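**Student:**
Numbering (UniProt numbering), first residue to last: 1 to 728.
This is the structure:
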């Protein structure tokens, strides 16, 4: 029974020493001296703020993309014991001792290091030689710009890692397709493709470009499968469903999970949540939740409310009034009604409170039982402190002469009657009998007499002059001009009014609301709102010293100074290996010219290379040239501030193309032994120049050793490069 113990247990394993050596060299090149400099380097000042907010569980919105990349950076901080206490306000600021610099930079560095063996494996899976694969890996290893970008708390190296992982996984899956469909390894690589694509998109939306490319390639491959008569309809359907599950459903589910974890971690209120709706803010711990928790849900006649404009940008604001009136004449000579001013005020204030009044009754308190206000009901809005009625009429607004002035009515005993009736329209209602709800209902107020809609126009125009205390303009806008979010309001703070006397009511308005119960949004509601904010919220783009255009990237006519030592000449720049960048451009040009030549010749039934070599050439180009194109060309359509590091994903694909073109030239154009020998000698000389340039620019890649003024001037190979030289 125990006879198997007579012989030793033997495990046999195959180890690719090329791969192991590349992993070790990649780790050394990226992890060496990782804590240097112990100071904030370029965009670390940006991402570090989010890491601190994660550590403190404070909600934030970053319009640059999804949260997965930020969470990975925060994971490094968490593993290093970072407490989030550091003021990220200046590039070059020295890190305090509580900041685990090595830990924060570790994940981007490891991701950058692993790109080296990934490049090797991608070329192997594309059916190119191990020599070509090794060349691609070494080009990635010695690319100065990729080293620089991966050694700091930045996201590009993580993005490139997941992009390359997705490409490699799909190629392995496709190669297994021929002989072992639906095997365990087939499923593994197919599922890993979807996971890696989702992670790439979750780090930065730039990952969407490669995801779309792989979907297109998968669709093309499946289209070819449809023409395979050896596959049954059931088999084709299984293949289709498997790809749909792995490449669409799982990535979408994972993308949602990134936001779920993000929202679960960040449950505390902070400065960023002010751009979110009142309902979202109320779901966070602290902040608005302390005020709104336990408020009455249904707005009734006699309710005391504050009305927040839903648009919320460029700043949140509430419907507001004060005792001051519009000037009799404006600066441009136009006249006004001289009624009490109504504005949108960006701060909480007692003058933001309004009372919902039934036009048919005089009381300003909630009856027992309360009479709820429903969609379509006519109301009057009474300003809580001044007791004047919200009014609009056919008088031009102060800043928007094509819109109506909104005021609180003062009876001057002239021929200007009050027009203070408003119809409540609940835009997100489920039925026409819906009750107006606190926080949840998005309402529009339509003026009964003129059909104008209450609108905060200050979001679009300028703020009022000094007589309006620089507050935002509120107007009556004709419905015929279309819908805009600045016409939509929601009740934020709400209490049932109990005091009929004005002095008692003023005391009531100054007192805080009661807290009994909480109102929580569902995850999907919060996700939808946050996703919309990320996609639509754009910071004001300003010209940056190191911003550049997409045309500058190909020839590397620009650089970015990441860090400068406060006393010496030591500095770090985002600069690429000039030989590698030039070679990548030449390889792309050669590939496109050769492809065009082959296509024309094949059209004439002239086949210069074997069919198998042609298919290999086309598939490699589809991945490498396609990857370069989809990660580069979209930047010509983007209206945002661009930097050199945006080109790095495209550059990575272009670098992979270099050994592909070189092997093709060697195999199919260098036909004689002499030509092959000369070609090999040129390759040795070329690669030696790549290594020489890498060594030359290493001091500004790693930040040490410090260079003299003369040495720094010698590194300025292009006049457009901004190498920092201190004045003597």
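Every residue gets a Cβ at the ideal spot worked out from N, C-alpha and C, and that includes glycine.
This one's a predicted model, so the numbers in the text were calculated from it and none came from an experiment.
Is there contact here, the segment 688-700 with the segment 587-607, by at least three beta-carbon pairs under 8 Å?
**Tutor:** No, the segment 688-700 is not in contact with the segment 587-607.
**Student:** Cα separation between residue 213 and residue 247?
**Tutor:** Mapped onto the chain shown, residue 213 falls at position 213. Mapped onto the chain shown, residue 247 falls at position 247. When rounded, the distance between both Cα atoms is 12 Å.
**Student:** Taking only three categories from DSSP, how would you classify residue 477?
**Tutor:** Translated into the one-based positions of the chain shown, residue 477 becomes position 477. Strand at residue 477.
**Student:** Tell me the rounded alpha-carbon separation between residue 82 and residue 55.
**Tutor:** The residue labelled residue 82 in the question sits at position 82 within the chain shown. The residue labelled residue 55 in the question sits at position 55 within the chain shown. About 7 Å.
**Student:** Look at the Cβ atom of residue 655, then the Cβ atom of residue 140, and state whether they are nearer than 8 Å.
**Tutor:** Reading the chain shown from its first residue, position 655 is the one you call residue 655. Reading the chain shown from its first residue, position 140 is the one you call residue 140. Yes.
**Student:** Return the residue from the list 357, 376, 429 and 420 that minimises the CA-CA distance to residue 367.
**Tutor:** The residue labelled residue 367 in the question sits at position 367 within the chain shown. The shortest Cα separation from residue 367 among 357, 376, 429 and 420 belongs to 357.
**Student:** How would you write the range of the beta strand (DSSP E) that residue 726 sits in, first residue to last?
**Tutor:** For the purposes of this step, residue 726 is taken as the residue at position 726 of the chain shown. Unbroken run through residue 726: none, as it is neither H nor E.
**Student:** Grouping DSSP H, G and I as helix and E and B as strand, with all else coil, what is residue 56?
**Tutor:** Taking the chain shown and counting its residues from 1, the one referred to as residue 56 is at position 56. Coil, per DSSP.
**Student:** Going by beta carbon distance, what residues of the same chain come within less than 6 Å of residue 632, once the five residues before and after it are set aside?
**Tutor:** Locating residue 632 in the chain shown gives position 632, counting from the first residue. Closer than 6 Å at the Cβ level, and outside the excluded window around residue 632, lie 650.
**Student:** Leaving out five residues on either side along the sequence, give the residues of the same chain with a beta carbon under 8 Å from the beta carbon of residue 38.
**Tutor:** Counting from 1 along the chain shown, the entry for residue 38 is found at position 38. For residue 38, where only same-chain residues beyond five positions count, the Cβ hits under 8 Å are 94, 95 and 101.
**Student:** Judging by CA-CA distance, which residue of 36, 612 and 185 is the nearest neighbour of residue 148?
**Tutor:** Working through the chain shown from its first residue, we reach residue 148 at position 148. Selected option, being the one with the closest Cα: 36.
**Student:** Roughly how many angstroms separate the alpha carbons of residue 361 and residue 353, rounded to a whole number?
**Tutor:** Stepping through the chain shown from its first residue, residue 361 is reached at position 361. Stepping through the chain shown from its first residue, residue 353 is reached at position 353. Each residue's Cα considered, the two are about 20 Å apart.
**Student:** Does DSSP put residue 372 in a helix, in a strand, or in coil?
**Tutor:** Position 372 of the chain shown, counted from the start, is the residue given in the question as residue 372. Three-state result, residue 372: strand.
**Student:** For residue 264, does the three-state DSSP call read helix, strand or coil?
**Tutor:** Residue mapping note: residue 264 aligns to position 264 of the chain shown, counting from 1. Of the three classes helix, strand and coil, the one that applies to residue 264 here is helix, per DSSP.
**Student:** Buried or exposed, going by whether 16 or more other CB atoms sit within 10 Å of the CB of residue 41?
**Tutor:** Start at 1 with the first residue of the chain shown, and residue 41 comes out as number 41. Answer is buried; the Cβ neighbour count reaches 16.
**Student:** Would you report the Cα separation of residue 334 and residue 363, rounded to the nearest angstrom?
**Tutor:** Working through the chain shown from its first residue, we reach residue 334 at position 334. Working through the chain shown from its first residue, we reach residue 363 at position 363. Cα-Cα distance, rounded: 38 Å.
**Student:** How big is the Cα-Cα spacing for residue 304 and residue 325?
**Tutor:** Position 304 of the chain shown, counted from the start, is the residue given in the question as residue 304. Position 325 of the chain shown, counted from the start, is the residue given in the question as residue 325. If you take the alpha carbons of residue 304 and residue 325, they lie about 23 Å apart.
**Student:** Considering only residues of the segment 570-636, which uninterrupted beta strand (DSSP E) runs meet the minimum length of 3 residues and lie entirely inside it, listed in chain order?
**Tutor:** With a minimum length of 3 residues, the continuous beta strand (DSSP E) runs that stay inside the segment 570-636 are 571-574.
**Student:** Going by DSSP in three states, residue 324 sits in which element: helix, strand or coil?
**Tutor:** Locating residue 324 in the chain shown gives position 324, counting from the first residue. Residue state, collapsed to three classes: strand.
**Student:** Name the two residues that bound the continuous beta strand (DSSP E) containing residue 357.
**Tutor:** Against the chain shown, residue 357 aligns to sequence position 357. That run of the beta strand (DSSP E) goes 353-357.
**Student:** When you compare each of 386, 375, 373 and 332 to residue 342 by their alpha carbons, which one comes out closest?
**Tutor:** As a first step, residue 342 is located in the chain shown; it is residue number 342 there, counting from the start. Residue 386 is the option with its Cα nearest to residue 342.
**Student:** With distances taken Cα to Cα, identify the nearest neighbour of residue 562 among 125, 153, 22 and 436.
**Tutor:** Numbered from 1 along the chain shown, position 562 holds the residue referred to as residue 562. Closest by alpha carbon: 153.
**Student:** Within this structure, are the beta carbons of residue 306 and residue 529 separated by less than 8 Å?
**Tutor:** As a position in the chain shown, residue 306 is number 306, starting the count at 1. As a position in the chain shown, residue 529 is number 529, starting the count at 1. For residue 306 and residue 529, no; Cβs fall outside 8 Å.
**Student:** Note down the Cα distance separating residue 339 from residue 377, rounded to an integer number of angstroms.
**Tutor:** Taking the chain shown and counting its residues from 1, one reaches residue 339 at position 339. Taking the chain shown and counting its residues from 1, one reaches residue 377 at position 377. So the two alpha carbons sit approximately 26 Å from each other.
**Student:** Which same chain residues end up closer than 7 Å to residue 630 when comparing Cβ atoms and leaving out the 5 residues on each side of it in sequence?
**Tutor:** Position 630 of the chain shown, counting from 1, holds the residue named residue 630. The residues are 209, 210, 212 and 213.
**Student:** For the beta strand (DSSP E) containing residue 445, list its first residue and its last residue.
**Tutor:** Start at 1 with the first residue of the chain shown, and residue 445 comes out as number 445. It spans 443-447 - the beta strand (DSSP E) in which residue 445 sits, taken as one unbroken run.
**Student:** Could you tell me if residue 438 is buried or exposed, where buried requires 16 or more neighbouring beta carbons within 10 angstroms of its beta carbon?
**Tutor:** As a working note, residue 438 is residue 438 in the chain shown. It counts as buried.
**Student:** Here's the rule I'm using: 16 or more other beta-carbon atoms within 10 Å means buried, otherwise exposed. How should residue 518 be labelled?
**Tutor:** Within the chain shown, the letter at position 518 stands for residue 518. Unreliable positioning characterises residue 518 in this predicted model, as indicated by a pLDDT of 44, which lies under 50. The coordinate reading is nonetheless provided below. Answer is exposed; the Cβ neighbour count stays below 16.
**Student:** Out of 43, 97 and 91, which one is the CA nearest neighbour of residue 73?
**Tutor:** On the chain shown, position 73 is the one that residue 73 refers to. Out of 43, 97 and 91, 43 has the C-alpha closest to the C-alpha of residue 73.
**Student:** Suppose the cutoff is 7 Å on Cβ atoms and the five residues either side in sequence are ignored; what does the same chain contact list for residue 613 look like?
**Tutor:** As a first step, residue 613 must be located in the chain shown, where it is residue number 613. Cβ neighbours of residue 613 beyond the five flanking positions: 668.
**Student:** Can you tell me whether residue 148 is helix, strand or coil according to DSSP?
**Tutor:** Taking the chain shown and counting its residues from 1, the one referred to as residue 148 is at position 148. Residue state, collapsed to three classes: helix.
**Student:** For residue 198, which of 164, 180 and 20 has the nearest alpha-carbon?
**Tutor:** For this step, residue 198 is matched to residue 198 along the chain shown. Nearest C-alpha to residue 198: 164.
**Student:** Sorted by chain position, which residues of the same chain lie with C-beta nearer than 7 Å to residue 395's C-beta, five sequence neighbours on each side aside?
**Tutor:** Counted from its first residue, the chain shown places residue 395 at position 395. The answer, listed in chain order, is 336, 337, 404 and 405.
**Student:** Using only the alpha-carbon positions, how far apart do residue 716 and residue 568 sit?
**Tutor:** Position 716 of the chain shown, counted from the start, is the residue given in the question as residue 716. Position 568 of the chain shown, counted from the start, is the residue given in the question as residue 568. Approximately 18 Å between the Cα atoms of the pair.
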